[in-house]
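Residue numbers (the numbering used here): 3 to 509. Beneath this line is the structure, given in structure tokens, with notes to follow.
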Ligand SMILES: Cc1cc2nc3c(=O)[nH]c(=O)nc-3n(C[C@H](O)[C@H](O)[C@H](O)COP(=O)(O)OP(=O)(O)OC[C@H]3O[C@@H](n4cnc5c(N)ncnc54)[C@H](O)[C@@H]3O)c2cc1C
């Protein structure tokens with residue numbers, strides 16, 4: 003396959019899809035290439051917050067917080083079925099720190115300006131217990147509440163993907179870029195890649211190539227120049243998922259300083275409790291880092307200081323970790339102190355690199371990157387329209403009322419279930435998904451493997467890893483018939499998924 007494009011984007015995470023969508027929506031002929039599945043890397047492993055980042059305010063990074071708060075507001079406007087307003091409470095067990103956090107959060111409110119999600123407030127002890135009924139009350143003095151955003155990372159990503167392809171964009175998953183094509187003068191003018199599902203090599207040419215490979219950026223830039231000196235410090239953030247009973251109600255708990263100085267959240271997410279995250283140096287650069295026993299012990303210990311009902315390893319329904327692509331000049335290991343703001347660079351051979359940032363700011367990162375790409379690729383200038391671009395595809399049950407208004411996904415799933423009542427059956431009785439969602443993912447969301455469906459088109463693996471493991475046969479059999487695959491494919495897929503899911507299960 004040989005094709006010519008205006009823009010090639012390499013990397014199908016939030017950053018790459020953001021860039022691809024920005025370029026396509028400005029009218030540029032765009033292709034996106036992802037070596038695994040869309041969102042397989044860091045973009046499926048976030049803490050699911052659309053936020054300014056209270057922590058970055060503490061680091062004095064007012065500009066980053068202001069920018070992220072503006073993007074938070076835009077995301078709520080453009081994808082209200084995927085982003086929701088959530089109350090967070092910082093409980094105070096000492097009267098000393100309350101005024102400090104309250105002042106900080108009032109600055110946070112102020113920075114959000116007209117995009118405010120609601121004011122921060124002092125709460126008395128009863129109000130805290132009302133909103134967080136499972137919190138330890140011994141020694142509790144009062145609390146502070148603030149408002150921030152929450153989302154489902156891969157459902158937003160799939161919504162971006164569907165919007166991108168609807169605009170004429172071309173997207174390949176399982177297609178790794180292995181080589182850059184250069185002109186006689188040494189400029190990057192295309193890529194050579196390998197599609198591992200079809201076992202085929204493709205070659206695409208373009209006016210500009212964007213490297214949005216996240217933690218892999220250093221490796222990718224070495225395809226351009228083996229002597230490149232950029233350094234990415236991979237910082238692992240791990241999460242645990244528990245039953246909802248540990249944190250009932252619809253309010254999140256924010257622990258501003260754990261025993262080792264980190265922020266930890268306990269957030270209600272898809273009717274479960276999500277706890278995270280940690281911040282540790284990860285030796286290997288991979289899409290699949292694994293939560294360590296030390297991190298599990300640390301998060302359980304910390305949660306048990308705040309949860310009335312003690313948790314233990316056997317209560318963990320799933321565990322997952324992602325790597326932050328933090329750009330450093332030198333290889334420092336103190337990952338907490340490295341800024342999350344993004345960096346765009348252009349190599350002498352005109353490869354455009356975008357790194358850093360966060361999920362919340364993907365749109366702004368993409369706007370800045372495509373502005374740069376226009377100059378580098380000498381493209382006809384078109385203005386960015388994504389600040390107003392609606393992302394209507396792909397809701398989940400995160401906000402049922404809004405889903406009904408936006409129809410889309412929920413309506414399509416319902417239609418499928420009505421056409422064939424067998425598809426209305428649940429994947430597993432402990433998971434909120436039906437077989438219709440498997441069919442929809444294969445037919446409309448470029449899902450090829452059981453893992454694509456159970457980890458990123460639905461969030462089964464993230465909500466209950468054992469239930470996802472147990473669903474492999476059922477899902478694999480349905481996918482076999484939808485995709486027209488062989489028995490051998492089915493067996494291999496089931497075994498591959500089961501082996502993969504082991505890393506999410508905590509024994
Ligand atoms: C634990 C954790 C929690 C976080 N929580 C939040 C949060 O709550 N809110 C928030 O706003 N941000 C959060 N972030 C930050 C946010 O998740 C990341 O900034 C964002 O997901 C990075 O996206 P990305 O596209 O740059 O990287 P990735 O998602 O890693 O995507 C890069 C992609 O490039 C692909 N790739 C690499 N090499 C090649 C190649 N040669 N050919 C083709 N494809 C290639 C990879 O397979 C990968 O899919 C969190 C980060 C972590 C680690």
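For every residue, glycine included, the Cβ atom is placed at its ideal position computed from N, Cα and C.
Residue i versus residue j - alpha carbon distance
i: residue 233; j: residue 63; result: 22 Å
i: residue 360; j: residue 452; result: 28 Å
i: residue 32; j: residue 277; result: 38 Å
i: residue 370; j: residue 346; result: 8 Å
i: residue 41; j: residue 458; result: 7 Å
i: residue 260; j: residue 56; result: 15 Å
i: residue 376; j: residue 388; result: 16 Å
i: residue 292; j: residue 70; result: 28 Å
i: residue 484; j: residue 136; result: 44 Å
i: residue 85; j: residue 12; result: 26 Å
i: residue 338; j: residue 239; result: Only weak support is given to the placement of residue 338: the predicted model assigns it a pLDDT of 43, under 50, and the value that follows is read from those uncertain coordinates. Near 11 Å, if we compare the C-alpha coordinates of residue 239 and residue 338.
i: residue 1; j: residue 502; result: No answer is possible for residue 1: the residues shown for the chain start at 3 and end at 509.
i: residue 440; j: residue 323; result: 24 Å
i: residue 288; j: residue 326; result: 11 Å
i: residue 335; j: residue 343; result: Low per-residue confidence applies at residue 335: pLDDT is 37, beneath 50, and the placement is therefore not dependable, though the value from the model is reported in the following sentence. C-alpha separation (whole angstroms): 18 Å.
i: residue 294; j: residue 382; result: 49 Å
i: residue 2; j: residue 249; result: Nothing can be reported for residue 2, as the shown portion of the chain is limited to 3 through 509.
i: residue 479; j: residue 492; result: 7 Å
i: residue 427; j: residue 165; result: 29 Å
i: residue 450; j: residue 306; result: 40 Å
i: residue 406; j: residue 442; result: At residue 406 the pLDDT is 45, less than 50, meaning the model places this residue with poor confidence; the figure from the coordinates comes in the next sentence. So the alpha carbons of these two residues sit roughly 18 Å apart.
i: residue 196; j: residue 39; result: 14 Å
i: residue 385; j: residue 25; result: 10 Å
i: residue 419; j: residue 475; result: 20 Å
i: residue 477; j: residue 128; result: 46 Å
i: residue 58; j: residue 417; result: 44 Å
i: residue 117; j: residue 374; result: 27 Å
i: residue 221; j: residue 236; result: 13 Å
i: residue 19; j: residue 30; result: 14 Å
i: residue 188; j: residue 352; result: 9 Å
i: residue 378; j: residue 358; result: 21 Å
Reference residue i, options the options, closest by Cα
i: residue 104; options: 124, 116 and 114; result: 124
i: residue 34; options: 410, 213 and 325; result: 213
i: residue 393; options: 66, 21 and 81; result: 81
i: residue 461; options: 310, 186, 48 and 416; result: 48
i: residue 410; options: 248, 488, 157 and 287; result: 157
i: residue 113; options: 66, 434 and 45; result: 66
i: residue 272; options: 448, 52, 79 and 433; result: 433
i: residue 349; options: 419, 227, 314 and 381; result: 227
i: residue 201; options: 5, 37 and 463; result: 37
i: residue 194; options: 183, 188 and 187; result: 183
i: residue 274; options: 283, 286 and 243; result: 243
i: residue 354; options: 363, 372 and 366; result: 372
i: residue 44; options: 290, 447 and 190; result: 290
i: residue 107; options: 138, 96 and 68; result: 68
i: residue 185; options: 207, 168, 284 and 173; result: 207
Residue range of the unbroken beta strand (DSSP E) whose run includes residue i
i: residue 150; result: 144 to 153
i: residue 261; result: Careful: residue 261 lies outside any beta strand (DSSP E) and carries neither H nor E.
i: residue 271; result: 266 to 271
i: residue 239; result: 233 to 245
i: residue 204; result: 202 to 213
i: residue 32; result: 32 to 35
i: residue 356; result: 353 to 357
i: residue 86; result: 85 to 94
Boundaries of the alpha helix (DSSP H) in which residue i is found, first to last residue
i: residue 415; result: 410 to 421
i: residue 502; result: 489 to 503
i: residue 123; result: Here residue 123 belongs to no alpha helix (DSSP H); instead the beta strand (DSSP E) covers 123 to 126.
i: residue 75; result: 64 to 80
i: residue 346; result: Where residue 346 is concerned, there is no enclosing alpha helix (DSSP H), although the beta strand (DSSP E) it sits in stretches over 345 to 348.
i: residue 138; result: First-last for residue 138: undefined, no H or E at that position.
i: residue 466; result: From DSSP, residue 466 is part of no alpha helix (DSSP H); its letter is neither H nor E.
i: residue 439; result: 437 to 446
i: residue 221; result: 219 to 226
i: residue 20; result: 16 to 27
i: residue 366; result: 364 to 379
Any 3 or more C-beta pairs closer than 8 Å across the segment 263 to 277 and the segment 243 to 255: yes
The segment 174 to 182 contacting the segment 101 to 118, beta-carbon criterion three pairs below 8 Å: no
The segment 138 to 157 contacting the segment 111 to 123, beta-carbon criterion three pairs below 8 Å: yes
Any 3 or more C-beta pairs closer than 8 Å across the segment 14 to 23 and the segment 422 to 429: no
The segment 147 to 162 contacting the segment 86 to 95, beta-carbon criterion three pairs below 8 Å: yes
contact_flag[the segment 308 to 320, the segment 454 to 472] where n(CB pairs < 8 Å) is 3 or more: yes
Beta strand (DSSP E) runs wholly inside the segment 165 to 191, at least 3 long, in chain order: 172 to 174 and 177 to 184
Sequence ranges, alpha helix (DSSP H) only - wholly within the segment 278 to 303, length at least 4: none
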